[in-house]
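>
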Amino acid sequence: MNALLLSAILGVMMMFSSVLISQKSAARTIAIAGMLLLLIANIMDMQGIHFFRINTEGMMHFDRFALLFNSIAIFSILLYFILSSKDMEKVGGYYSEYFSLIFFILCGIILVTSFKSLLILFLGIEIISIPLYILTGAEKKNLRSNEASLKYFLLGAFSTGLMLMGIALIYGATATFNTTQLTVSEKPGVLMITGMILLLFSMSFKVSAAPFHFWTPDVYDGAPTVFTAFMATIVKVGVFIGFIRLFDESFGMLKPQWQIWVALITAATLFIGNITAVFQQSVKRMLAYSSIAQAGFMLLAVYAMNSEAKEGLLLYSAAYCLATIGIFSVLIKMTDYTFDAFNGLAKKEPIVAATLAIFLLSLAGIPLTVGFMAKFYMLEAAIATGKHLWLVIFAVLMAAVSVYYYFRVIQAMYFKDGQPNPMQISPSFKWTLVVLAGLIVLLGIFPNLLLNWFYF
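If you want the numbering used here, it's the position in the sequence shown, counting the first as 1, plus 4.
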């Protein structure tokens, strides 16, 4: 609750700061300081120190799982601001408003990770989605940005309709929105099954799972790169936390009915994301399909729905956010997004190339990185179910395919000659990348540094 209300207050403050503060550096400082305050407030919430005491019984529940993920999300946004906030200036003239929208999106993420009512889930999803439509079309003079925003809005509205219809059918079957009171029988009626399937489809759209992924490449590619980094990381994993909460608390007794559907969606997502990424010639578009493939691995947590799955999803959230934010922070500073643009980068910017290599190795799931441990936990969770071993084998094969397109960037940086794009990179930016890469390796060797917070 600390972070939820403070985030809303900071969002309103940033709206007014655009009028009261003319210097962009001051707005950036306020945003970074505000995110640091949010992180401290959320950690205090985890320790039982509450600034605000509001009765949310039956509507929200701030358990350890939600609070730990909220800390991961806030820390990831803090790093995102430190690395990429200056690049927001290039997008348009509404600098403070961009920060304001991100604070409001964080409010939605906290609602989605802590809901106990389907109404709160719907409100959280919409509070996330509407500012994202605006950020996607922030480059008003860029037709691709406008097209991406319109496409995202229309398809997002359609998926919202599916969600509302599903919620209405479930309410008709149970006469309640409370997630812990929805499943009262192992033999549900037609209304419950239909509503559950509609919710499955709408949540799959929000996390860009196949076959509901078709909006992702165009939206991620058309949106300003600085906002694509945010959309593809913190927002995606935040919705995944809501996804696993929904099916764990609401439809846990119906697992035999929906588990095979999730398994098929997972397999399709892994296949389409990885195979299509192989043929991309733009690194930005490759990362868009890579995010679909990563969503396939995160879906293993929804499929498994056990303690290992929740641990794995928390670790995967940290691994995916840290690595992808790091890659995009460098990509933002380039004018050419092709693989050839990375030729010879290791000679010109050895520190940047080395950190980029660590980020890519983590996404590929190479040992000694947190990405490897995250994939290991996901596979372990799927194996623990004792069902559909084919899905685990298929996930491993698709992980092997992903190595190819991630290593294409590493190959270009270290084994090809060329003149990489001129980039304006400050020493502080480089050292922030080094810290980020160090965190990825540290959590890869000692994952319990994060997971212990789940229990203590």
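Just so it is clear, CB atoms sit at the ideal spot from N, CA and C, and this is done for glycine as well.
How many angstroms separate the CA atom of Ala297 from the CA atom of Leu303?
Your numbering for residue 297 matches position 293 in the sequence shown. Your numbering for residue 303 matches position 299 in the sequence shown. Taking the straight line from one Cα to the other gives about 10 Å.
> Please identify the residue among Leu158, Leu204, Ala385, Val445 whose C-alpha is closest to the C-alpha of Leu365.
Position 361 of the sequence shown, counting from 1, holds the residue named residue 365. Comparing Cα positions, the closest option is Val445.
> Report the residue from Glu253, Trp394, Arg148 whose alpha carbon sits nearest the alpha carbon of Pro228.
Indexing the sequence shown from 1 puts residue 228 at position 224. Closest option to Pro228, Cα to Cα, is Arg148.
> Alpha carbon to alpha carbon, how far is Tyr410 from Ala233?
One-based indexing of the sequence shown puts residue 410 at position 406. One-based indexing of the sequence shown puts residue 233 at position 229. Cα to Cα, Tyr410 sits roughly 17 Å from Ala233.
> Is it the case that the stretch 86 to 102 contacts the stretch 134 to 142, given that we only count it when at least three CB pairs across the two stretches are under 8 Å?
Yes, the stretch 134 to 142 is in contact with the stretch 86 to 102.
> Over the uninterrupted alpha helix (DSSP H) stretch that includes Lys145, give me the two end residues.
The residue you call residue 145 lines up with position 141 of the sequence shown. It is not in any alpha helix (DSSP H) - Lys145 carries neither H nor E in the DSSP assignment.
> With Met200 as the anchor, note down where its alpha helix (DSSP H) starts and where it stops.
Here residue 200 is taken as the residue at index 196 of the sequence shown, counted from 1. Met200 -> alpha helix (DSSP H) spans 194 to 210.
> Starting from the N-terminal side, write out each stretch of the alpha helix (DSSP H) that is 4 residues or longer and does not extend beyond the stretch 111 to 169.
Segments of the alpha helix (DSSP H) lying fully in the stretch 111 to 169: 122 to 140.
> Have a look at Ser212 and Gly199 and give me their C-alpha separation to the nearest angstrom.
As a position in the sequence shown, residue 212 is number 208, starting the count at 1. As a position in the sequence shown, residue 199 is number 195, starting the count at 1. The straight-line gap from Cα to Cα measures roughly 20 Å.
> Secondary structure at Ile286, three-state DSSP: helix, strand or coil?
Here residue 286 refers to the residue found at position 282 of the sequence shown. Contrary to the premise, residue 286 reads as Ser rather than Ile in this sequence. The answer is strand: DSSP assigns Ser286 an E or B state.
> Going straight from the alpha carbon of Lys314 to that of Phe69, what length do you get?
By 1-based counting over the sequence shown, the position of residue 314 is 310. By 1-based counting over the sequence shown, the position of residue 69 is 65. One C-alpha to the other measures close to 8 Å.
> So the alpha helix (DSSP H) Val334 belongs to, where does it begin and stop?
As a working mapping, residue 334 is identified with position 330 in the sequence shown. Taken as a continuous stretch (DSSP letters only), the alpha helix (DSSP H) holding Val334 covers 311 to 335.
> On the CB-based measure, 16 or more other CB atoms within 10 Å of its CB, does Trp262 come out buried or exposed?
Position 258 of the sequence shown, counted from the start, is the residue given in the question as residue 262. Buried is the call here.
> Taking 7 Å as the limit between beta carbons, can you name the residues of its chain near Ser1, skipping five residues before and five after?
Because the chain in this structure spans residues 5 to 460, residue 1 falls outside the shown range and cannot be described.
> Is the separation between the beta-carbon of Ile132 and that of Leu8 shorter than 8 Å?
Numbered from its first residue, the sequence shown carries residue 132 at position 128. Numbered from its first residue, the sequence shown carries residue 8 at position 4. Not in contact: Ile132 and Leu8 (Cβ atoms no closer than 8 Å).
> May I ask which residues mark the beginning and end of the alpha helix (DSSP H) holding Gly226?
Translated into the one-based positions of the sequence shown, residue 226 becomes position 222. From DSSP, the alpha helix (DSSP H) with Gly226 extends over 220 to 226.
> Using only alpha-carbon positions, find the residue among Ser295, Trp435, Asn46, Ile269 that is nearest to Thr280.
For the purposes of this step, residue 280 is taken as the residue at position 276 of the sequence shown. Of the candidates Ser295, Trp435, Asn46, Ile269, the one whose C-alpha sits nearest the C-alpha of Thr280 is Ser295.
> Does DSSP put Asn182 in a helix, in a strand, or in coil?
Residue mapping note: residue 182 aligns to position 178 of the sequence shown, counting from 1. Asn182: strand per DSSP, three-state reduction.
> Between the Cα of Trp219 and the Cα atoms of Thr184, Arg289, Phe244, which residue gives the shortest distance?
As a working note, residue 219 is residue 215 in the sequence shown. Out of Thr184, Arg289, Phe244, Arg289 has the C-alpha closest to the C-alpha of Trp219.
> Is the CB of Asn146 under 8 Å away from at least one CB in chain D?
Here there is only one protein chain, and chain D is not present.
> How big is the Cα-Cα spacing for Leu258 and Ile245?
Here residue 258 is taken as the residue at index 254 of the sequence shown, counted from 1. Here residue 245 is taken as the residue at index 241 of the sequence shown, counted from 1. Approximately 19 Å between the Cα atoms of the pair.
> Measure the C-alpha to C-alpha separation of Lys191 and Phe255 and round it to an integer number of angstroms.
Indexing the sequence shown from 1 puts residue 191 at position 187. Indexing the sequence shown from 1 puts residue 255 at position 251. Lys191 and Phe255: Cα-Cα distance of roughly 12 Å.
> Closest to Leu125 by CA distance: which of His65, Ile429, Gly226, Lys351 is it?
Along the sequence shown, read from residue 1 onward, the residue named residue 125 stands at position 121. Checking every option, the nearest Cα to that of Leu125 belongs to His65.
> State the DSSP-derived secondary structure class of Met64, mapped to helix, strand or coil.
As a working mapping, residue 64 is identified with position 60 in the sequence shown. Of the three classes helix, strand and coil, the one that applies to Met64 here is strand, per DSSP.
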